[in-house]
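One structure below.
Numbering (the UniProt record's numbering), first residue to last: 1 to 381.
Below, the structure is given as structure tokens:
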């Protein structure tokens, strides 16, 4: 009986966390690498392998161009390997490059112009942003979004809203110049702006006023017991109002809204990272694979739409992270190409090797730090 119970628990854990995690990560990684692949193929680069995951191959096939498409054993990323690459990080194999025939040189990534190489590298993060826009737009068209007038019904005593001068029946028009269409828009901006002054335009009795409010930071627990620190104004909206509805949008409006959604994630990510650097935010909110797996399993309980939304958010985050100018990441390659374009020649092999080693160390430290945060958060829950 104990063995059966253990097997049942393992199966539940597998279905509840591992499967949603792999679903989300595979979508994001596949489209990132597909961006590199698509532009490289059109630039005439010979592609040796397209892998989802690292390590030993589990299953794969060769296409008519000779590219090996495969799924590998460690499902924490992926890569596209070009002709002349020494490894999955696309560092050059100098010996192989020197031995190449003229035909191979024409298909070698490292013999392409600096502009072509930059386009191929940038295509990965760009594909992540496009994927996020497509997912968000699809959700706005099919599922829609809840729409409630951003009206203040009550103001809590002693709250940031009361200190700022909010009053019942105020209608919020914009926050820091960003138009607010729904009460949910207001909540999302405020929740990510703890202890930061916000210029809030409100309509009161036909007049437009500008109030300055600094959301208080509060710790809350979500449905799954996870602790979050968010900004709170202290205003509320009566639920079930006559104006509450779910609205679906056409393709054009949905795409515009999806693009704004992606920009919101990018803007708030930079705001958070800036807060970490200045000490205004705590770095303990940074998460790694364990956190992603945990959140994926929790979000999956709300259905496929919620899981796709998480995939879109993660896609933006991975696209943005890869653009950071850290050697080993796409942004590091782009930095090297920018230097090459300015100098008229690439950096020396030694300089690039040192850069990649520094980049590897930074990436490993970030992964260790994020994993440590994950373990601490699990131990607290």
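Just so you know, even glycine gets a beta-carbon here, dropped at the ideal spot from N, CA and C.
- Kindly indicate which three-state DSSP category residue 111 falls into: helix, strand or coil? The residue labelled residue 111 in the question sits at position 111 within the chain shown. Looking at residue 111 - three-state DSSP - the assignment turns out to be helix.
- Query: Do you know offhand how far residue 119's Cα is from residue 80's?
  - Reply: By 1-based counting over the chain shown, the position of residue 119 is 119. By 1-based counting over the chain shown, the position of residue 80 is 80. Looking at the two C-alpha atoms, the distance is approximately 14 angstroms.
- Task: Provide the residue span of the beta strand (DSSP E) that contains residue 218, from first to last.
- Result: Your numbering for residue 218 matches position 218 in the chain shown. Boundaries of the beta strand (DSSP E) harbouring residue 218: 216-221, taken from the DSSP string.
- Query: Just to confirm, are residue 32 and residue 127 a CB contact at a threshold of 9 angstroms?
  - Reply: For the purposes of this step, residue 32 is taken as the residue at position 32 of the chain shown. For the purposes of this step, residue 127 is taken as the residue at position 127 of the chain shown. Going by C-beta atoms, residue 32 is nearer than 9 angstroms to residue 127.
- Query: Could you give the uninterrupted runs of the alpha helix (DSSP H) lying entirely in the stretch 297-373, keeping only those of 4 residues or more?
  - Reply: Runs of the alpha helix (DSSP H) lying entirely within the stretch 297-373 and spanning at least 4 residues, in chain order: 304-322, 330-343.
- Query: Per DSSP, residue 139 is paired with what?
  - Reply: Position 139 of the chain shown, counted from the start, is the residue given in the question as residue 139. Looking at the DSSP assignment, residue 139 forms no beta bridge with any residue, so it has no partner.
- Relative to the alpha-carbon of residue 276, which residue among 194, 18, 104, 129 has its alpha-carbon at the smallest distance? Along the chain shown, one-based indexing puts residue 276 at 276. Nearest option by C-alpha distance: 194.
- Is the stretch 342-351 touching the stretch 296-309, taking contact as three or more C-beta pairs under 8 angstroms? Contact between the stretch 342-351 and the stretch 296-309 is absent, because fewer than three Cβ pairs lie under 8 angstroms.
- Neighbourhood of residue 208 by C-beta, 8 angstroms cutoff - its chain only, sequence neighbours within 5 removed: Translated into the one-based positions of the chain shown, residue 208 becomes position 208. 173, 201, 202.
- Item | Counted within 10 angstroms of its Cβ, other Cβ atoms place residue 267 as buried (16 or more) or exposed | If you number the chain shown from 1, residue 267 lands on position 267. The residue is exposed, with fewer than 16 neighbouring Cβ atoms inside 10 Å.
- 7 angstroms CB neighbourhood of residue 117 in its chain, flanking five on each side removed: Taking the first residue of the chain shown as 1, we reach residue 117 at position 117. The beta carbon of residue 117 sits closer than 7 angstroms to the beta carbons of 109, 337 from its chain, once the five residues preceding and following it are set aside; these are given in chain order.
- Query: residue 17 lies in the beta strand (DSSP E); which residues open and close that run?
  - Reply: As a working note, residue 17 is residue 17 in the chain shown. Residue 17 -> no beta strand (DSSP E), and no H or E assigned at all.
- Item | Burial state of residue 238, where buried means 16 or more other Cβ atoms lie within 10 Å | On the chain shown, residue 238 is found 238 positions in, with the first residue counted as 1. A residue is called buried when at least 16 other Cβ atoms come within 10 angstroms of its Cβ; residue 238 does not meet this threshold and is exposed.
- For the candidate residues 196, 162, 272, 63, whose alpha-carbon lies nearest to that of residue 217? Along the chain shown, one-based indexing puts residue 217 at 217. When only C-alpha atoms are compared, the closest one is 196.
- Query: Is the stretch 41-53 touching the stretch 67-85 in the sense that three or more CB pairs, one from each, lie closer than 8 angstroms?
  - Reply: When C-beta atoms of the stretch 67-85 are compared with those of the stretch 41-53, three or more pairs fall below 8 angstroms, so the two segments count as touching.
- Message: So the candidates are 205, 63, 122; which of them puts its Cα closest to the Cα of residue 166?
- Response: Position 166 of the chain shown, counted from the first residue, corresponds to residue 166. Checked all of 205, 63, 122; the closest Cα to residue 166 is 205.
- residue 344 and residue 124 closer than 9 angstroms at C-beta: Here the question's residue 344 lines up with position 344 in the chain shown. Here the question's residue 124 lines up with position 124 in the chain shown. It is not a contact, given that the beta carbons lie outside the stated cut-off.
- Message: I'd like to check one pair, residue 54 with residue 73: are the Cβ atoms closer than 9 angstroms?
- Response: One-based indexing of the chain shown puts residue 73 at position 73. One-based indexing of the chain shown puts residue 54 at position 54. Taking 9 angstroms as the Cβ cut-off, residue 73 and residue 54 qualify as a contacting pair.
- Tell me the start and end of each unbroken alpha helix (DSSP H) in the stretch 21-61 that is at least 4 residues and wholly inside, in chain order. None, since the stretch 21-61 contains no complete alpha helix (DSSP H) of that length.
- Message: Using the three-state DSSP reduction, which class does residue 156 fall into: helix, strand or coil?
- Response: Sequence index remark: in the chain shown, residue 156 carries index 156 (1-based). In the structure shown, residue 156 adopts coil according to DSSP, grouped into three states.
- Taking residue 132 and residue 312 to be in contact with their CB atoms under 8 angstroms, please state how far apart those CB atoms are, rounded to whole angstroms. As a working note, residue 132 is residue 132 in the chain shown. As a working note, residue 312 is residue 312 in the chain shown. Confirmed, Cβ separation roughly 4 angstroms.
- Inter-residue spacing [alpha-carbon to alpha-carbon] between residue 27 and residue 21: Here the question's residue 27 lines up with position 27 in the chain shown. Here the question's residue 21 lines up with position 21 in the chain shown. So the two alpha carbons sit approximately 10 angstroms from each other.
- Whose C-alpha, out of 76, 102, 107, is nearest the C-alpha of residue 85? On the chain shown, position 85 is the one that residue 85 refers to. When each option's Cα is compared against that of residue 85, the closest is 107.
- Message: For residue 298 and residue 69, what's the separation of their Cα atoms in angstroms?
- Response: Walking along the chain shown from the start, residue 298 turns up at place 298. Walking along the chain shown from the start, residue 69 turns up at place 69. Distance between the alpha carbons of residue 298 and residue 69: 31 angstroms.
- Message: If the criterion is Cβ atoms closer than 9 angstroms, does the pair residue 332 and residue 355 meet it?
- Response: The count along the chain shown starts at 1 and reaches residue 332 at position 332. The count along the chain shown starts at 1 and reaches residue 355 at position 355. Cβ atoms of residue 332 and residue 355: closer than 9 angstroms.
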